[in-house]
Structure formats: structure tokens, C-alpha cells
Amino acid sequence: MNHSTISIFMNPVREFSSQSVFQYNTRERCPKIIFQAVRKEGLIINHEYAGPICFTLISSPFQRLCREAEKLQLSFPLKDCPVNPSAPACCVTLSNAFVTDDTVDYISAPFSRRHGELFLNYTNERLFFTSAQRCELTHEILTQIDISQDLEKATHDPALDTESQKSVISDEPLKRKGLQYLRMENTYNDSFILHEPSQEEPYFQKMRQNSFVTYVEMMNEIEKDPRQKLSGLWTRFLRFQPLGLVREYFGEQIAFYFAWQGTFLTMLWPATFFGLAVFAFGMTKSVRTNPATYGNCTVINYYGGSVVVPCDLRNQLSQLFTTISSWFMKSFDNELNAFFAAFMSIWGTMFYQIWRRNNMVLAYEWDCEDFNMVEPDRPEYHGTSIRTVCDPITGKPEYFNPYMVRFLKYTVSCIAVILSMCLVILSVFLVTLYKLWAVSSHECEKEYTFGCSVVAAYIPSVMNTLSTMILGSIYEWLVVKLTQWENHRTNTDYHNALVIKMFTLQLVNNYTSLFYVAFIRPENNGFQANGLFGLGDKYKDICLPGTCGSLLALQLLSHMIIKPIPKFTKDIVIPYIVQAIKIRKWFKGRNETMEEALNEKDETNVLIREWIKPNAGDFTHSEFNEKVILFGSTMMFAALFPLAPLLALVIGIIDLRIDAVRLLWLNRRPIPVMANGIGIWLPILYFLQYAAVMTNAFIIAFTSDFCSNFFSDVMYCDVKNRFLIVIVFQVKTFARILKVTWS
67 MNHSTISIFM
77 NPVREFSSQS
87 VFQYNTRERC
97 PKIIFQAVRK
107 EGLIINHEYA
117 GPICFTLISS
127 PFQRLCREAE
137 KLQLSFPLKD
147 CPVNPSAPAC
157 CVTLSNAFVT
167 DDTVDYISAP
177 FSRRHGELFL
187 NYTNERLFFT
197 SAQRCELTHE
207 ILTQIDISQD
217 LEKATHDPAL
227 DTESQKSVIS
237 DEPLKRKGLQ
247 YLRMENTYND
257 SFILHEPSQE
267 EPYFQKMRQN
277 SFVTYVEMMN
287 EIEKDPRQKL
297 SGLWTRFLRF
307 QPLGLVREYF
317 GEQIAFYFAW
327 QGTFLTMLWP
337 ATFFGLAVFA
347 FGMTKSVRTN
357 PATYGNCTVI
367 NYYGGSVVVP
377 CDLRNQLSQL
387 FTTISSWFMK
397 SFDNELNAFF
407 AAFMSIWGTM
417 FYQIWRRNNM
427 VLAYEWDCED
437 FNMVEPDRPE
447 YHGTSIRTVC
457 DPITGKPEYF
467 NPYMVRFLKY
477 TVSCIAVILS
487 MCLVILSVFL
497 VTLYKLWAVS
507 SHECEKEYTF
517 GCSVVAAYIP
527 SVMNTLSTMI
537 LGSIYEWLVV
547 KLTQWENHRT
557 NTDYHNALVI
567 KMFTLQLVNN
577 YTSLFYVAFI
587 RPENNGFQAN
597 GLFGLGDKYK
607 DICLPGTCGS
617 LLALQLLSHM
627 IIKPIPKFTK
637 DIVIPYIVQA
647 IKIRKWFKGR
657 NETMEEALNE
667 KDETNVLIRE
677 WIKPNAGDFT
687 HSEFNEKVIL
697 FGSTMMFAAL
707 FPLAPLLALV
717 IGIIDLRIDA
727 VRLLWLNRRP
737 IPVMANGIGI
747 WLPILYFLQY
757 AAVMTNAFII
767 AFTSDFCSNF
777 FSDVMYCDVK
787 NRFLIVIVFQ
797 VKTFARILKV
807 TWS
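Note that the working numbering numbers the sequence shown so that position 121 is 187, with each residue one more than the last.
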């Protein structure tokens, strides 16, 4: 029988914490060469069969992990050198109620096997490496295996199938061939790392109901249950995140993401309170200046103007709806917006500086501040030229990409990104043209009825959302392909290039409609003197003075509420459906039912249960992209929507707990990655804090009623004077930002 083989890379003590999984087709003879190379690296191979699936268990001995840690120059805590933390100055009891991480910090040093006895827990093979370190080191050993020479020798071996080798050895520019390369060539089909067993898993709960004796035996085999401990601390509200435990189980990269998100959510609290105060002031003023009237049926048309219509029951209900909507909409644009915009700009700088400090502290405590100095090459990296001088360390020829080759690839990628950005802008204008056609055909200029709200507001919003989702998926695929084609040498360079392209496209994809409402729609700005694209007055998409700020607030409100829905669908709903399909596909026609196979304690069934879980993908990349877009929306457009920090806080708190649950229980375990910070996202945050000052200045001057509210008696609010407001706002705000930065 032909078996689809899944290989599990395990830690030396056969715990699930460092198991990686990959699946390949046994008709290829390359797995034999792979296994020979794996054994040559000092790893141990075993096999487990479950129906049509064969699991190959690969374990790494403790001494092999130590050798790899020494090679990577990883730092470990020294014995008898603890760092005593400073006690909180006040509220000790209250602080202890929220603290979840009691990990003791130690002075550390680069690991050396010669002086291993100087390091903490070196004599205890189970405790010396964390769960994430065992996974990371084992994965690093496997990904750095090079079988290119063995494959070349195998081409002369008649015992091997020539046809099965063509897909592996035909790519001449790629001189180095390892597991990641074979994954790209579909020599094997899947790879993942297994979670450690936990009594909180659903199948253990069912086991307890069916056979308590079997359940107790299984629990006795589980010496530690890090997922249960993490779940009890991490998924709770009103508790600090156990970042040390997150780092020990998922690695530094994911831990830094959650540390950044925790800092972001903490900093949102003062912005939320200030925003609520600004909104309360605006709502009070709106109700006071626009009292409810009965008998005079005045409704709001599409352009925001008031139209008197005959009174009847329908119009009276419409009048009530219009009055409440008017109070709500007019509460956003008020006299405090300029001060709130300045506050949010300074708030962004304070958040940036606080996070930089937290980043450096965590990098020191986690012994990873010098990681970039020792980062190895990507297994997927290949060169097109050979240096005349061999590598002084390995003594082997060094492959590289000439500068001109890299320059041409970067140029092509830049052109592709610019064309994609133009496509996003075009999609926004096409949706706008449809909206204008709907307004004209339904006579929404006379009265903004429920039908008008459907065809001119809800349908365009759905179209914008679908456009954002579809184009976002296309861009994600395009960006990954372009970045792989650019052939970056290290994982840091690869992810930085991927992030820059993806964030640029998502920035345009998410913010184009907001910039359109803020600066193109206001009639006073004069961008639509003869309609959009010069199509005439029929295709004018304008907002009247006094209503543009409210429309921008409504657009941002819709954007922030609708945006999490596709993410929830992508993170929870779609993986659940894929998992259900995968279960039925692999267990269809078997003698045992799915329930029997998934609830047994046999090791092969444990492997199957983990294998059918959906992949978390590039978790930190996708999550950072979503959160930084949310951060930008909160800073750049909150001048006219003071409730933005509140929505961002609620969305962030809920999303953090959802991410914790799905990482622990719903998804496969991500491969731990060493990192010393959030990487390229830090300069992106730096860019956004200054872009927010520019955006808020123009929104205050050209979109809101700030000029007419404060300066209508002393000057005319023309373009010249509005630019003067922009300059004064920017100078004052930048002065405060520089003061915060230098203090």
C-alpha cells in the first residue's frame, strides 16, 4: 500500500513540544535521501502508522540541541545569578491581583558546551530548553540540511527513478536543496509542529466521560500542562498577559506581538476617556441646538440638506429617525475636535516611545537583543553567481545575487505595487459612480428615504467591503510571490520586504475611501466643479458645509465595525469548515468512525487530531497588519470621530482573547521564531505618527467646521486661510512631539 507519510520532528524526551510535521508522497525516492541526511545530523527516526497515513517521528537528542544552540550563539541564564525585580511603589496588593507572570530573570551569557555546568538547569535535560526553544532548534537543524550533493549522486544510481528526480534537481540556480525546497517542489505536502498534550482538549474530556481509568492513566503521562496554565491566565479579562509563558511556548516573535498589542490596548484607555468626553460635549451641544420638532416634517436628503415634505405617519416616523440621526451625526464635529486631534498626535508619539522602551526591556530579559548578528541564511535562498573567494568559516563556495539582479527585481516589484494601488483607487471611484447613479435614479435629492439608504448607502458599503476583501486576497498572493521572487538572504530581510509591500497596499486599500470623504467630497475644496471625472453636475458627489465631518465620522464608524467581520470569518469560520472537510475526506471509508479515531488515547490518533487542525499561517504578519491599520485609523481620522479609541479598545480586547484561544486550542502550533522586536513594524509606526499630524491638520482645516466656528468673525475661510490653519496646527503639534521625544 502506498502511504502518504507525515514526519514529526520531536524533542529528545518525546514530549510533543518540539514536534514538526511534514507530509510527502512515498512514490518519490527523495525521502530516503532525506532520512539519511537526518540521521547523519544525529537525529533519531521512528515511524507510526494510522490507516493510510504514516507518521515519521524524528527526535533530537539533548546534546544535538546544545550543539545547535552553541552554533546559533543563543544566550541562556547563568546559575546563581538572579536579577531581583523592583517591587511596585504602591498598590502592591492590587498589582499582585493582576500579575500573571512570576518568571525569575537571570543574568545570561552565550551558551558554550565546554562551560555548560555554569548555566541554569543544564544538568536537567527537561528544563534547560524551553518548549519553544526545542521546537525552534529542531526545526532549524532540519531546515539547514542540504541534500543537493546527495541528489546529484543519486542521478547516477539506476536504482532510483529518474522521472521522480526531475522536479528536484532541475532548478540549477538553487544550489542548496533542503526540506523547504522539497516542500516547494511538492516532494512532501505538509509540515507543522504539534501542541503539547493537555487535559483541556475536548477529546480528553470525552475520554473522562467514557472511561475514567483510561483518563487517569493518560493524565499521569502528562507531567506538565503549559496550555492549561496559559489558558487559565491568558484568556481571562482584567489580567495582565503572561508574556514569559507565551514566549516559552510560542517563541519570541509571537510574544513580542502580544506584548505590543498589550501596550497598545493599555495606552488606548486615556484616549478613550478623552474621546468619550469630546463626544459627550458634542452630543449635548447637538441636542441643545437642534431640539426635536413635531408637526413640521423636515427630512434630510442625500446631500445632507433639509427638505420640507407633507406630514403623515410615514413622514413623522421619518422625522423621528432624522432627528435622532441628526443629533448623533452632528455631535462629532464640534469645537473640541482640534484639541482631540492634537492630543491623539501626541498620544501616538508617547505610545511609540513607551513601546520602544518596553521592546528593549523585553529583548534584554529574553536574551535576544543581539539576534540579528547571528541570523542564518534562509533555506529558500539561492544565488545566481559564485564568489571567487570561499566562505572563511565553512570553506565552501559562497553563492550570492549581484546588485544589478536585485535592483531589477526590486524595480519590477515596485511597479507591480504601484499598479495595484491604482487599481484600488479605481475601484473606489467605480463604487462612487454607482452610488451617484443610484441617487439620481431614486430621486434621493428630494428625500433620503429608506430605499435611498439601501441603494445609495448600504449596497455601496457592501461593495466597498467586498472589493477590499477580494483585492486584499489578490494582493496577499501577489505580494508573497513577488517577495519570494526577490530572493532575500535572511528571514528578517524577507519578512521586512513582505511587510512593506503588504502594508502599502493595505494602507491604500483601507484608507482610500476615508481620504475621498475627507478631501474630495467637501464642496468648498473645489475638486468636483464639473462632477467626478468631468461627467457633469449629475455625477457630483459632494457634501454640504457642516455635514462633511459627520459623513467622515460615519464612514470611519462603518469601516471599524465592518472590518473585523472578514477577519473573524477568515480566522474562525473558514478554518472550521476546512477542518470538517478534511476530517471527512481522510476518515471516509474507514472501519472506525471519526469519533472513535479522534477520541482514543493511542499516539497515532493524537497525531491525527493535531494534523487535522487548520494552519495558523504567518500569524504575526497578518495580525500586525490588521492592528497597525487599526492604529492608523485611530490616529489619522479620529479628529472627527472621538469614539475611535473606544472601538479600537473593544475590538483589540476581544481579538486578543480570540487569538489566544485559537492559538492554544483551534490551530496548529506555529513554528517558534527568534526575534528581538517587532521588526519593520517599528519604523512603520514612526511613519504613521507623523502622517497622523499631517492628516489631522488637513481634516481640521478643510473637512471640519473648525475655521467657521472659531475664525468666521475675523477672517474669511478660503483656501489660503485654511492652509494657514494647517501650518499653525502642524508647527504647534510637532513642537509638542519633539518635546515628548527628547524628554
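The C-beta atom is built at its ideal place from N, Cα and C for all residues, glycine as well.
| Item | Value |
| --- | --- |
| Three-pair Cβ contact test at 8 Å for the stretch 636-651 versus the stretch 695-704 | no |
| Presumed contact (8 Å Cβ cut-off) between Tyr188 and Cys147, rounded CB distance | Tyr188 to Cys147, Cβ: 13 Å. No contact. |
| Glu783 - DSSP class collapsed to helix/strand/coil | The sequence given here places Cys at residue 783; Glu does not occur at that position. Of the three classes helix, strand and coil, the one that applies to Cys783 here is coil, per DSSP. |
| C-beta atoms of Phe177 and Ser141 nearer than 8 Å | yes |
| Val574 Cβ short of 7 Å to the ligand HEM heavy atom set | Among the components of this structure there are no ligands whatsoever, and the ligand HEM is therefore not found. |
| Identity of the residue in Glu107, Trp432, Phe776, Ile111 nearest Ile207 by Cα | Glu107 |
| Nearest neighbour of Pro292, chosen from Pro263, Pro736, Met740 [CA to CA] | Pro263 |
| Local Cβ density within 10 Å of Arg354, reported as buried at 16 or more and exposed below that | exposed |
| Alpha-carbon to alpha-carbon, Gln129 and Leu573 | 47 Å |
| Three-state class that DSSP yields for Pro263 in the structure shown | coil |
| Which residues DSSP lists as bridging Ser141, in chain order | Pro176 |
| Met487 and Ala758 closer than 8 Å at C-beta | no |
| DSSP-derived helix/strand/coil call for Asn613 | Note that residue 613 is Thr in the sequence shown here, rather than Asn. Reduced to three states, the DSSP call for Thr613 is coil. |
| Nearest neighbour of Phe893, chosen from Thr807, Val672, Ile724 [CA to CA] | Here the chain covers residues 67 to 809 and nothing more, so residue 893 does not appear. |
| Nearest candidate by alpha-carbon position, reference Phe63, set Val806, Thr769, Asn775, Val505 | Residue 63 lies beyond the stretch modelled for the chain, which goes from 67 to 809, so this question has no answer here. |
| Cβ-Cβ separation, Ala682 to Pro736 (assumed contact under 8 Å), whole Å | 5 Å |
| Same chain only: Cβ atoms within 7 Å of Gly597, ignoring 5 sequence neighbours per side | Asp603, Lys604, Tyr605, Lys606 |
| Proximity below 8 Å, CB of Tyr582 to CB of Val494 | yes |
| Inter-residue CB distance, Phe707 and Leu623 (contact presumed, cutoff 8 Å) | 7 Å |
| The stretch 761-776 contacting the stretch 393-403, beta-carbon criterion three pairs below 8 Å | yes |
| Limits of the unbroken alpha helix (DSSP H) element including Pro711 | 710-727 |
| Assumed close pair Gly341, Pro630 - CB separation to whole angstroms, cut-off 8 Å | That belief does not hold up - the Cβ atoms of Gly341 and Pro630 are roughly 19 Å apart, past 8 Å. |
| Of the residues Thr332, Gln215, Thr196, Lys396, the one placed nearest Gly317, counting alpha carbons only | Thr196 |
| Where Ala595 falls, given that 16 or more other Cβ within 10 Å makes a residue buried | exposed |
| Sufficient close CB pairs (3 or more, under 8 Å) joining the stretch 708-727 to the stretch 331-338 | yes |
| Buried or exposed (CB count within 10 angstroms, at least 16 for buried), Gly592 | exposed |
| Exposure label - Tyr115; buried when at least 16 CB within 10 Å | exposed |
| Buried versus exposed, by CB contacts within 10 Å (16 or more), Gln215 | exposed |
| DSSP state of Val170 mapped onto helix, strand, coil | coil |
| Cβ-Cβ distance between Ser688 and Gln621 below 8 Å | no |
| Nearest-angstrom Cα separation, counted from Thr498 out to Ser527 | 10 Å |
| Per-residue DSSP class, three states only, for Pro738 | coil |
| Assigned exposure category for Lys501 - 16 Cβ within 10 Å defines buried | buried |
| Nonlocal neighbours in the same chain, by C-beta distance under 6 Å from Ile235, ignoring five residues either side | A caution first: Ile235 carries a pLDDT of 34, below 50, which makes its placement in the model unreliable, though a value can still be read off. Result list for Ile235: Leu217, in chain order. |
| C-alpha distance - Asp443 paired with Ile481, whole-angstrom precision | 27 Å |
| Selection from Val170, Asn425, Trp503, Ala763 that minimises the alpha carbon distance to Ala321 | Asn425 |
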